[in-house]
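A.B. asks: Sequences listed follow chains A and B, in order. Reading the first sequence from the start, the letters are residues 1 to 663 in our numbering. Reading the second sequence from the start, the letters are residues 1001 to 1215 in our numbering. All C-beta atoms in this analysis are idealised placements derived from N, C-alpha and C, irrespective of residue type, glycine included. To start, I am sharing the structure in question, which I have written as structure tokens.
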Amino acid sequence: MPSATVNNHRPRELLSLLASADPEIKVRALREVKNQIIGNRTKKLSFLKIGAVPAVSGILADSVDNVIDSNCNNDNINNILVQSAAALGSFACGFDAGVHAVVDAGAFPNLFRLLGSSNEKVVDAGARALRMIYQSKLAPKYDFLQQKNMEFLISLLNSNNENVNGLGASIITHSCETSLEQKALFDAGILRKLNGLLEGGSLSQRDASLESLATIFKNNPEIISKFSGPEIGRPLSSVIDLAKDRYPRTRLLACMCLIVIRNTSPLFLQDIGIKTKLIHILLELLDDSGQVGDEAPFAFSSLIAQKEDLQELALEANAIDKLLHHLQKGSLHPRRYEGILLALADMCSKMESCRSKFLSLQVLNLVTDALTDDSADVRTAACICLKSVTRSIKNLSAGYFMDEVIVIPLVRLFLDPSTSVQVAALGAVSNIVVDFTTRKSIFVQCGGMKQLVQLAKSMESAVRSNALWALKNFVFLSDNRLKESVFSELTACLLASLICDPEPSVQEQALALVRNLIDGCINSIEFAFAEDGLILAAIGRQLQSASKAEIGIQGMYALCNVASGNEFHKEAVMHQLFPLMDDKNQSFMMKFLQSNDSQLRAATVWAILNLTCPLSPGASGRLEKLRNAGIFSQMKNMVNDPCVDVKLRVRTVLGQSMAFGNN
Amino acid sequence: MPVRVAEISAPSQVSGTISRHTSPPACTLLSVGQAFSGTQNVSSIQKEEAWRVNVRIQGCDLEHGYLCGTMEALNVPMADTPIVVTFWEGEIVDTKNYTFFTGKWDASPEDDKRHWTKFPSFLPLLSQVEIDGGKSLDLSNCPYIFMRWKEQYFVNVGTDCGLTIAGFYYVCFSCSDGSINGFYYDPNSSPFQKLELKSTNEGRSGFSFSSYELQ
């Protein structure tokens, strides 16, 4: 009965009321709990802390046996069932800790039992609660591969009750992951049922069906082609029609379903008309001020990511202007903010025309502002967006990005508590430091270079390798003064240990950094010899056990660069290639020359070319040693190497060797 | 002659074209960081003038047939300053992004042919180019890379320095020794100004390579 003080009980009071033996008091208490927690995360948390969920779950468990009692007309029991289910559903709604608590309390199977009730309200309450739980990733996985589970799912989809068949669709959306499960669902005739909901169902049924279909289609071209075949009517066109539905959420879900189809099976939806329509619909959905507008940019990204043809169409549709226009609005919900930044990143990821358009609007500040947002996801997205935009070599050449306004906030993110933000910031900085002007010193002045060296010592391998990546790009074509300052900060000892890091990606970047350090003026080669040749020895050691081609490539180019120096340098390289006096040991060079990777073969041949450069006094001695190691016979086999670059270098080396009068 | 067929497997393809790997081969001597040095000269009935030129490759995007870099000209006659640096962008003739026909910059197909045929290495390709601009040529084993380089702006001087960047270069690069030959085309300048560059080792006894990688 309504009361003026209906929502005034404190949580602990309600908890004791829940334990009352009087069913009416129990029901009222349940209703009040539900009313207090609806849409109120703080309240949910406080009730959670005092054990409200097990209490409510216990009430449900006590009453649920009555569900299958065919004489269950007892209003009290039904009210208890309805209210306890509703409360549990509310706890779970949009609140992962709530889902966790509900599942832990053992309420899950009992909620399913409510679906067998003859009382429509009880069935509704159970189905609604379960749907809310299934919106969360923490919901228990439904095993479709068990026969009885599949039968139960089919019975749900066959139900006339909207909440119940909606639950069936939610379960599919939540739990269908593998192609085996997708096939099982297809074989059980689920697609036909979902298509029925699509064509003849209510708004909520259509939406639920769109989501489930997308889940079943994902990465499964076979099922898509069966769905689009003649036996099931023309369901693809139903989905296309729904993309123009009057309800925004339906339009979004239909677009997402079409995008899944297109990304999985490029045969479909190739027509420029449909591609353009999808772009326009998604851009227009950005105008929605609710959750649909928040999700629209993510759908847009999944449509255009990695696809230049779609990016071009989107550019023509003024996508960049529109996205920036929304960015300009300010006070964005974090999800929407993140989505728009990532959409811009995707737009600018591959095409210079898109980057030019973006930069021409002179609103880079909108992105740099996001670097200081409270949300880690937004900060990461802003870095990813900058990373895309700074792929513009033309603008890198002009030093456009080497500006304090951009660099300083990025460098600050090196100390961000979130690793993914750090890595994303490193990605953007890696591009920006490829600067051909004299403005690189800005990066040193703001402490960026020192920070990178610190990050190269991080416990996280992704941070180490990305920091080295940025340093590698930073020293590319730098003057010796800058290289000296990087080297003295890094130290030969640290660099040598990074070359031998446990992580291959770190090894690769460290070797590439050395390669760049020792290029340029001939004095730079001395970096490899610092501290008694620590670095050179590390390179040789790492090449002995290179676990992937990229490591071999960078290491061989580093040796190649050293070998472009004087006699001392060339001999030092020979010592790394043939460390033991016994020349019969197969050098890693032979392995590299026989590699499937043409770049690795090329790098190795370049090193040999430098070592046997005829103008050097010791060249004939080195030639002899290489010949004895079988290197020259191997190269004779490579005169028609399938890679033109390798073929030409091999011929040059062999031609060079003629100068010594040997064959 | 292969027929164009829509590629149906990889979704990331630019739609409508098949990846036939007919583009010129990647070459280590034409990669970022590589430097070239030589001369540009202009010869007319009255005189012959030459000046030193240094080129450095700054960017390379083979997928889009794009190259860029700087060109440094030393002691150019009529220039106000001893060193003039420009930034240029290149189009690689890869039959995918660009063909032998320029299609812009006031260069007609006749102009194109007239310039390309000045490179001996182009002659075997001429007949196909006359038919379709070379679109159906397979350049994957060709030891030469043909390009057009267009200077975009002056880096260290103003536009009133006495020099022009209105035209562009037809360029032939030799993959085997890294030498570059080019002819400048500008309807308003002396014709066939020649560019001759060689790969430099910058004082080293051998070749040295550094590289950057964009994320």
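If the cut is a Cβ gap below 9 Å, which residues of chain B does Asn-220(A) touch?
C.D. replies: The residue you call residue 220(A) lines up with position 220 of the first sequence. Residues of chain B passing the Cβ test: none, with the nearest at roughly 14 Å.
A.B. asks: If you draw a straight line from the alpha carbon of Arg-336(A) to that of Glu-211(A), how long is it in whole angstroms?
C.D. replies: On the first sequence, position 336 is the one that residue 336(A) refers to. On the first sequence, position 211 is the one that residue 211(A) refers to. The alpha-carbon atoms of Arg-336(A) and Glu-211(A) are separated by roughly 20 Å.
A.B. asks: Is there at least one Cβ from chain B nearer than 8 Å to Val-434(A)'s Cβ?
C.D. replies: Within the first sequence, residue 434(A) is the residue found at index 434, counting from 1. With 8 Å as the cut-off, Val-434(A) counts as an interface residue toward chain B.
A.B. asks: Closer than 7 Å, Cβ to Cβ, to anything on chain B: give me those residues from the region 488-511 of chain A, in chain order.
C.D. replies: Taking 7 Å as the Cβ-Cβ cut-off against chain B, none of the residues of the region 488-511 of chain A qualify.
A.B. asks: For the region 401-427 of chain A, which residues have a CB atom closer than 9 Å to at least one CB atom of chain B, in sequence order?
C.D. replies: Of all residues in the region 401-427 of chain A, Leu-426, Gly-427 have a Cβ within less than 9 Å of some Cβ in chain B.
A.B. asks: For chain B, is any of its Cβ atoms less than 8 Å away from the one on Val-260(A)?
C.D. replies: Position 260 of the first sequence, counting from 1, holds the residue named residue 260(A). Val-260(A) does not count as touching chain B.
A.B. asks: Closest by CA to Leu-471(A), which one among Ile-608(A), Val-433(A), Lys-226(A)?
C.D. replies: Mapped onto the first sequence, residue 471(A) falls at position 471. Ranking Ile-608(A), Val-433(A), Lys-226(A) by Cα distance to Leu-471(A) puts Val-433(A) first.
A.B. asks: Out of Leu-413(A), Ser-478(A), Glu-460(A), point me to the one whose CA is closest to Arg-439(A)'s CA.
C.D. replies: Numbered from 1 along the first sequence, position 439 holds the residue referred to as residue 439(A). Nearest option by C-alpha distance: Ser-478(A).
A.B. asks: When we look at the beta-carbon of His-174(A) and count the other beta-carbons within 10 Å, is it buried (16 or more) or exposed?
C.D. replies: The residue given as residue 174(A) occupies position 174 in the first sequence. When all chains shown are included, His-174(A) counts as buried.
A.B. asks: Could you round the C-beta distance between Phe-1209(B) and Leu-1030(B) to whole angstroms and report it? I think they count as a contact, below 8 Å.
C.D. replies: For this step, residue 1209(B) is matched to residue 209 along the second sequence. For this step, residue 1030(B) is matched to residue 30 along the second sequence. Not quite, the Cβ-Cβ distance comes to about 11 Å (not below 8 Å), so this is no contact.
A.B. asks: Report the residue from Leu-344(A), Val-421(A), Val-639(A) whose alpha carbon sits nearest the alpha carbon of Ser-375(A).
C.D. replies: Here the question's residue 375(A) lines up with position 375 in the first sequence. The residue with the shortest Cα to Cα distance from Ser-375(A) is Val-421(A).
A.B. asks: Would Ser-46(A) and Ala-92(A) qualify as a contact pair, given that the criterion is a beta-carbon distance under 8 Å?
C.D. replies: Position 46 of the first sequence, counting from 1, holds the residue named residue 46(A). Position 92 of the first sequence, counting from 1, holds the residue named residue 92(A). No. Outside cutoff.
A.B. asks: Can you tell me the Cα-Cα spacing of Tyr-1170(B) and Ser-598(A), whole angstroms?
C.D. replies: As a first step, residue 1170(B) must be located in the second sequence, where it is residue number 170. As a first step, residue 598(A) must be located in the first sequence, where it is residue number 598. About 29 Å.
A.B. asks: Kindly indicate if chain A contains any beta-carbon less than 8 Å away from that of Asn-1054(B).
C.D. replies: Taking the first residue of the second sequence as position 1, residue 1054(B) is located at position 54. So no, Asn-1054(B) is outside the interface.
A.B. asks: Using a Cβ-Cβ cutoff of less than 8 Å, which residues in the same chain neighbour His-1021(B) once the five nearest sequence positions on both sides are dropped?
C.D. replies: Within the second sequence, numbered from 1, the residue matching residue 1021(B) stands at position 21. Here the set comprises Ser-1140.
A.B. asks: Flag this pair as yes or no: are the beta carbons of Leu-252(A) and Leu-303(A) separated by less than 8 Å?
C.D. replies: Working through the first sequence from its first residue, we reach residue 252(A) at position 252. Working through the first sequence from its first residue, we reach residue 303(A) at position 303. Their beta carbons are not under 8 Å apart, which means Leu-252(A) does not touch Leu-303(A) by this criterion.
A.B. asks: Quick one, which of Ser-564(A), Val-605(A), Phe-592(A) has its alpha-carbon nearest Thr-1200(B)'s?
C.D. replies: The count along the second sequence starts at 1 and reaches residue 1200(B) at position 200. Looking at the Cα atoms, Ser-564(A) is the closest of the given residues.
A.B. asks: Round the Cβ separation of Arg-1148(B) and Gly-1203(B) to the nearest angstrom and send it over; I've been treating them as touching at under 8 Å.
C.D. replies: By one-based count along the second sequence, residue 1148(B) stands at place 148. By one-based count along the second sequence, residue 1203(B) stands at place 203. Not confirmed; about 31 Å, so no contact.
A.B. asks: Indicate the three-state DSSP secondary structure (helix, strand or coil) for Ser-20(A) in the structure shown.
C.D. replies: Your numbering for residue 20(A) matches position 20 in the first sequence. Ser-20(A): coil per DSSP, three-state reduction.
A.B. asks: Are there 16 or more other CB atoms within 10 angstroms of the CB of Val-573(A), so buried, or fewer, so exposed?
C.D. replies: The residue you call residue 573(A) lines up with position 573 of the first sequence. Buried, because 16 or more other Cβ atoms sit within 10 Å of the Cβ of Val-573(A).
A.B. asks: Just the Cα atoms here: how many angstroms apart are Asp-435(A) and Lys-450(A)?
C.D. replies: Along the first sequence, read from residue 1 onward, the residue named residue 435(A) stands at position 435. Along the first sequence, read from residue 1 onward, the residue named residue 450(A) stands at position 450. C-alpha separation (whole angstroms): 18 Å.
A.B. asks: In three-state terms, what does DSSP make of Ser-1199(B)?
C.D. replies: Residue numbering aside, residue 1199(B) sits at position 199 when the second sequence is read from its first letter. Three-state result, Ser-1199(B): strand.
A.B. asks: I need the boundaries of the alpha helix (DSSP H) containing Glu-571(A), first residue and last residue.
C.D. replies: The sequence position of residue 571(A) within the first sequence is 571, counting from 1. Glu-571(A) -> alpha helix (DSSP H) spans 567-577.
A.B. asks: At 7 Å on the CB atoms, spell out the chain B contacts of Val-644(A), in chain order.
C.D. replies: Stepping through the first sequence from its first residue, residue 644(A) is reached at position 644. Chain B residues near Val-644(A): Pro-1025, Asn-1141, Pro-1143, Cys-1175.
A.B. asks: Suppose you measure from the CA of Glu-199(A) to the CA of Asn-161(A); what does that come to, to the nearest Å?
C.D. replies: Within the first sequence, numbered from 1, the residue matching residue 199(A) stands at position 199. Within the first sequence, numbered from 1, the residue matching residue 161(A) stands at position 161. Using only the alpha carbons, I get a separation of about 17 Å.
A.B. asks: Nearest to Ala-530(A) by alpha carbon, out of Gly-273(A), Val-562(A), Glu-503(A)?
C.D. replies: Reading the first sequence from its first residue, position 530 is the one you call residue 530(A). Comparing Cα-Cα distances from Ala-530(A) to each of Gly-273(A), Val-562(A), Glu-503(A), the minimum goes to Val-562(A).
A.B. asks: Taking one C-beta from the region 265-276 of chain A and one from the region 287-299 of chain A each time, how about it: are there three or more such pairs within less than 8 Å?
C.D. replies: Cβ pair count under 8 Å is below three, so no.
A.B. asks: State the start and end residues of the unbroken beta strand (DSSP E) segment that holds Thr-380(A).
C.D. replies: On the first sequence, position 380 is the one that residue 380(A) refers to. Element bounds for Thr-380(A): not the beta strand (DSSP E) but the alpha helix (DSSP H), 376-389.
A.B. asks: Where do the ends of the alpha helix (DSSP H) carrying Ala-1050(B) lie?
C.D. replies: Position 50 of the second sequence, counted from the start, is the residue given in the question as residue 1050(B). Not the alpha helix (DSSP H): Ala-1050(B) falls in the beta strand (DSSP E), residues 1048-1061.
A.B. asks: Check the C-beta distance from Val-506(A) over to Leu-559(A) and give it rounded, since I have them as a contact under 8 Å.
C.D. replies: Start at 1 with the first residue of the first sequence, and residue 506(A) comes out as number 506. Start at 1 with the first residue of the first sequence, and residue 559(A) comes out as number 559. In fact, because the Cβ distance is near 19 Å, the residues do not count as touching under 8 Å.
A.B. asks: Less than 8 Å between CB atoms is the rule here; does Asn-1201(B) satisfy it with respect to chain A?
C.D. replies: Looking up residue 1201(B) in the second sequence gives position 201. It does: the Cβ of Asn-1201(B) has a partner Cβ on chain A nearer than 8 Å.
A.B. asks: For Glu-1072(B), go through chain A and note every residue whose CB falls closer than 9 Å to its CB, in chain order.
C.D. replies: The residue labelled residue 1072(B) in the question sits at position 72 within the second sequence. Chain A residues near Glu-1072(B): none, gap ~12 Å exceeds 9 Å.
A.B. asks: Could you list which residues in chain B have their beta carbon closer than 8 Å to that of Ser-564(A), in chain order?
C.D. replies: To locate residue 564(A), count along the first sequence from 1; it is residue 564. Neighbours of Ser-564(A) on chain B, chain order: Asn-1201, Arg-1204, Ser-1205, Gly-1206, Phe-1207, Ser-1208.
A.B. asks: Locate the alpha helix (DSSP H) running through Ile-466(A), then write down its first and last residues.
C.D. replies: What you label residue 466(A) is simply residue 466 of the first sequence in a count that begins at 1. One point to set straight first is that residue 466(A) is Asn, not Ile, in the sequence displayed. 461-475 is the extent of the alpha helix (DSSP H) around Asn-466(A).
A.B. asks: For the region 1180-1192 of chain B against the region 485-497 of chain A, do three or more pairs of beta-carbon atoms, one drawn from each stretch, fall closer than 8 Å, so that the two count as touching?
C.D. replies: In short, these stretches do not touch, since the Cβ pair count stays below three.
A.B. asks: Using a Cβ-Cβ cutoff of less than 6 Å, which residues in the same chain neighbour Lys-350(A) once the five nearest sequence positions on both sides are dropped?
C.D. replies: Indexing the first sequence from 1 puts residue 350(A) at position 350. So the list reads Glu-308, once near-sequence residues are dropped.
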